[in-house]
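Numbering (this note's numbering), first residue to last: 118 to 581.
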């Protein structure tokens, strides 16, 4: 029996779909209120990760998830990729390796079990607006997104025991990309193509901070100027919204969006910042060359730049391996740089950043956290504190403050309240930061992970 079939029936056969940088979640309207669906054993929030035994077989797995009508056109569009994937599948079968794809926490577990094998990707949404992608790379990201969406859609339909063909998907104000609106359109095209390929017939988008604002609006009793701050995994988006019970009935809220701003600053950047300030000293970022000159730091930044495909490609290139080998010979403390070389040779970037992410989460309630680095060297660890985190994310906090003030400046008005949502918002470090931005303006923390999903669901219910 599906998870939700013992509950009250859905109001409509549609969903709000938060395809997030950190997590994916789906909501439906039940008895007039949004409800986030638990998806089988994954829970309500599925980490936005995918693991495949080989990158080439993702396209073959995806083909099996499509309708018969869609499979025919897909085969024509991906003929070469499918053939290459079939060859890899035969090799995997001969070697006794499973061809299954894993999603969410299972994907991370598969990667951590053997980082050198397989293909692991976290937060593919971060790459969708990237500049300089070749058509083949765009197709790969489209297939990765489609595979993740197919998994979520299948789990949703199993839970609800009915087909879902209508969805509102959240989008940041600006995707991560250097080409402005061109990057945004590239990302939206990838998301739209992927969603329609896996069976969503009607696809609409809504700004994530606006969606979060809709959920907050349901609690308001009077007209209120709300500064919504949505700190996602890949972006921070701010919107100044005119909200209240008399506005919630409008189908077009354009005139109530008074100002908005967004930039590629998010939870992933905080993880990377903490990795640089809390882990990279153990790998030699602050050490010296034998000549007494400072250590070149570019490779340290590239090692943890998991949200920048070009930086990761450069870090894992053969040329950089040779550079790091030479750096070991030139270093005053070669044992430290050997640890960085091991990250490069064994593809441990995600492991390093995952250690920083877990530390960041721990520092929400604890003054310090011990990061286990025994994968790099026996008994190696790093102790990080809240001050270590603050040191690592100073630039990001300054950027978020600028976004908040920019949205308010565009509106020409001061907020009555600041509504903050996103997983990072729960940390006391960030609570204090928000209170410092606008003196005497109350700060309200939303459902850290569910506000956007709930708001998307409300909007889907309104427009479908």
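Cβ atoms here follow ideal geometry from the backbone N, Cα and C, with glycine treated the same way.
Rounded C-alpha distance that separates residue 388 from residue 186: Along the chain shown, read from residue 1 onward, the residue named residue 388 stands at position 271. Along the chain shown, read from residue 1 onward, the residue named residue 186 stands at position 69. For residue 388 and residue 186, the distance between alpha carbons rounds to 42 angstroms.
Proximity below 7 angstroms, CB of residue 340 to CB of residue 361: In the chain shown, counting from the first residue as 1, residue 340 sits at position 223. In the chain shown, counting from the first residue as 1, residue 361 sits at position 244. It is a contact, given that the beta carbons lie within the stated cut-off.
Segment limits, alpha helix (DSSP H) that includes residue 446: Counting from 1 along the chain shown, the entry for residue 446 is found at position 329. 435–447 is the span of the alpha helix (DSSP H), which, as asked, contains residue 446.
Helix, strand or coil at residue 383 [DSSP, three-state]: In the chain shown, residue 383 corresponds to position 266, counting from 1. It is coil, neither helix nor strand.
Rounded C-alpha distance that separates residue 123 from residue 206: Stepping through the chain shown from its first residue, residue 123 is reached at position 6. Stepping through the chain shown from its first residue, residue 206 is reached at position 89. In this prediction, residue 123 scores a pLDDT of 42, lower than 50, which makes its location untrustworthy; no coordinate-derived value is stated.
Bridge partner(s) assigned by DSSP for residue 134: Along the chain shown, one-based indexing puts residue 134 at 17. Residue 134 pairs with 143, 286.
Option nearest residue 152 by Cα separation, candidates 308, 228, 498, 277: Your numbering for residue 152 matches position 35 in the chain shown. It is 277 whose Cα lies nearest to the Cα of residue 152.
Between the CA atoms of residue 381 and residue 118 - distance to the nearest angstrom: One-based indexing of the chain shown puts residue 118 at position 1. One-based indexing of the chain shown puts residue 381 at position 264. Note on residue 118: pLDDT 31, under 50, position unreliable in the model; the coordinate value appears next. Computed Cα separation, rounded: 41 angstroms.
Reference residue 162; option with closest CA among 579, 569, 578, 580: Counted from its first residue, the chain shown places residue 162 at position 45. The shortest Cα separation from residue 162 among 579, 569, 578, 580 belongs to 569.
CA-to-CA distance, residue 297 to residue 250, given in whole angstroms: As a position in the chain shown, residue 250 is number 133, starting the count at 1. As a position in the chain shown, residue 297 is number 180, starting the count at 1. About 15 angstroms.
Which of helix, strand or coil DSSP assigns to residue 255: For this step, residue 255 is matched to residue 138 along the chain shown. In the displayed model, residue 255 falls within a helix according to three-state DSSP.
Cβ-Cβ distance between residue 157 and residue 257 below 7 angstroms: In the chain shown, residue 157 corresponds to position 40, counting from 1. In the chain shown, residue 257 corresponds to position 140, counting from 1. Cβ atoms of residue 157 and residue 257: not closer than 7 angstroms.
Residue 353 and residue 573 closer than 7 angstroms at C-beta: To locate residue 353, count along the chain shown from 1; it is residue 236. To locate residue 573, count along the chain shown from 1; it is residue 456. No; because the gap between Cβ atoms is not below 7 angstroms, this pair is not in contact.
Integer Cβ distance of residue 228 from residue 235, believed to fall under 8 angstroms: The residue you call residue 228 lines up with position 111 of the chain shown. The residue you call residue 235 lines up with position 118 of the chain shown. About 7 angstroms separates the two Cβ atoms, so the contact holds.
Whole-angstrom distance between residue 330 and residue 125, CA atom to CA atom: For the purposes of this step, residue 125 is identified with residue 8 of the chain shown, where counting begins at 1. For the purposes of this step, residue 330 is identified with residue 213 of the chain shown, where counting begins at 1. Low confidence applies here, because residue 125 scores a pLDDT of 44, under 50, leaving its location unreliable; read the following figure in that light. Taking the straight line joining both Cα atoms gives about 26 angstroms.
Under the three-state DSSP convention, the category residue 208 falls into: Along the chain shown, read from residue 1 onward, the residue named residue 208 stands at position 91. The answer is helix: DSSP assigns residue 208 an H, G or I state.
Boundaries of the alpha helix (DSSP H) in which residue 521 is found, first to last residue: If you number the chain shown from 1, residue 521 lands on position 404. 511–528 is the span of the alpha helix (DSSP H), which, as asked, contains residue 521.
Contact belief for residue 308 with residue 527 at Cβ below 8 angstroms, rounded distance in angstroms: Translated into the one-based positions of the chain shown, residue 308 becomes position 191. Translated into the one-based positions of the chain shown, residue 527 becomes position 410. Residue 308 to residue 527, Cβ: 26 angstroms. No contact.
Option nearest residue 523 by Cα separation, candidates 196, 377, 189, 452: Position 406 of the chain shown, counted from the first residue, corresponds to residue 523. The shortest Cα separation from residue 523 among 196, 377, 189, 452 belongs to 377.
C-alpha distance - residue 231 paired with residue 199, whole-angstrom precision: The count along the chain shown starts at 1 and reaches residue 231 at position 114. The count along the chain shown starts at 1 and reaches residue 199 at position 82. Cα to Cα, the separation comes out at about 26 angstroms.
Residues of its chain near residue 426, where Cβ-Cβ distance is below 7 angstroms and the 5 sequence neighbours each way are ignored: Reading the chain shown from its first residue, position 309 is the one you call residue 426. Here the set comprises 244, 247.
DSSP three-state assignment for residue 495, whether helix, strand or coil: The sequence position of residue 495 within the chain shown is 378, counting from 1. In the structure shown, residue 495 sits in coil (DSSP, three-state: anything other than H, G, I, E or B).
N- and C-terminal bounds of the beta strand (DSSP E) containing residue 167: The sequence position of residue 167 within the chain shown is 50, counting from 1. Start and end: 166–169.
Inter-residue CB distance, residue 344 and residue 143 (contact presumed, cutoff 8 angstroms): As a working mapping, residue 344 is identified with position 227 in the chain shown. As a working mapping, residue 143 is identified with position 26 in the chain shown. Rounded, the Cβ-Cβ distance is 27 angstroms, inconsistent with contact.
Inter-residue spacing [alpha-carbon to alpha-carbon] between residue 456 and residue 416: Position 339 of the chain shown, counted from the first residue, corresponds to residue 456. Position 299 of the chain shown, counted from the first residue, corresponds to residue 416. C-alpha separation (whole angstroms): 12 angstroms.
Candidates 405, 302, 291, 194, of which the one nearest residue 349 by Cα: By one-based count along the chain shown, residue 349 stands at place 232. For the residues 405, 302, 291, 194, the minimum Cα distance to residue 349 belongs to 291.
Spatially closest choice to residue 420 from 315, 576, 461, by CA coordinates: As a working note, residue 420 is residue 303 in the chain shown. Scanning 315, 576, 461 for the CA closest to the CA of residue 420 turns up 461.
Where the beta strand (DSSP E) containing residue 237 begins and where it ends: Indexing the chain shown from 1 puts residue 237 at position 120. Start and end: 236–239.
Element boundaries [beta strand (DSSP E), containing residue 358]: Here residue 358 refers to the residue found at position 241 when the chain shown is read from its first residue. That run of the beta strand (DSSP E) goes 353–360.
Rounded straight-line distance, which links the Cα of residue 328 to that of residue 240: If you number the chain shown from 1, residue 240 lands on position 123. If you number the chain shown from 1, residue 328 lands on position 211. Near 20 angstroms, if we compare the C-alpha coordinates of residue 328 and residue 240.
Backbone secondary structure at residue 485 - three-state DSSP: Locating residue 485 in the chain shown gives position 368, where the first residue counts as 1. DSSP places residue 485 in the strand class (E or B) of the three-state scheme.
Simplified DSSP assignment, three categories, for residue 182: On the chain shown, residue 182 is found 65 positions in, with the first residue counted as 1. In this structure, residue 182 counts as helix in the three-state DSSP scheme.
Residue 557 burial status per 10 Å Cβ neighbour count (16 or more: buried): Here the question's residue 557 lines up with position 440 in the chain shown. By the neighbour-count rule (16 or more Cβ atoms within 10 Å), residue 557 is not buried but exposed.
Distance between residue 383 and residue 510 (C-alpha atoms, nearest Å): Your numbering for residue 510 matches position 393 in the chain shown. Your numbering for residue 383 matches position 266 in the chain shown. Roughly 10 angstroms between the two C-alpha positions.
Which listed residue (313, 322, 312) has its alpha carbon closest to that of residue 301: Working through the chain shown from its first residue, we reach residue 301 at position 184. Looking at the Cα atoms, 322 is the closest of the given residues.
Which listed residue (218, 472, 320) has its alpha carbon closest to that of residue 182: In the chain shown, residue 182 corresponds to position 65, counting from 1. Minimum Cα distance to residue 182 is reached at 218.
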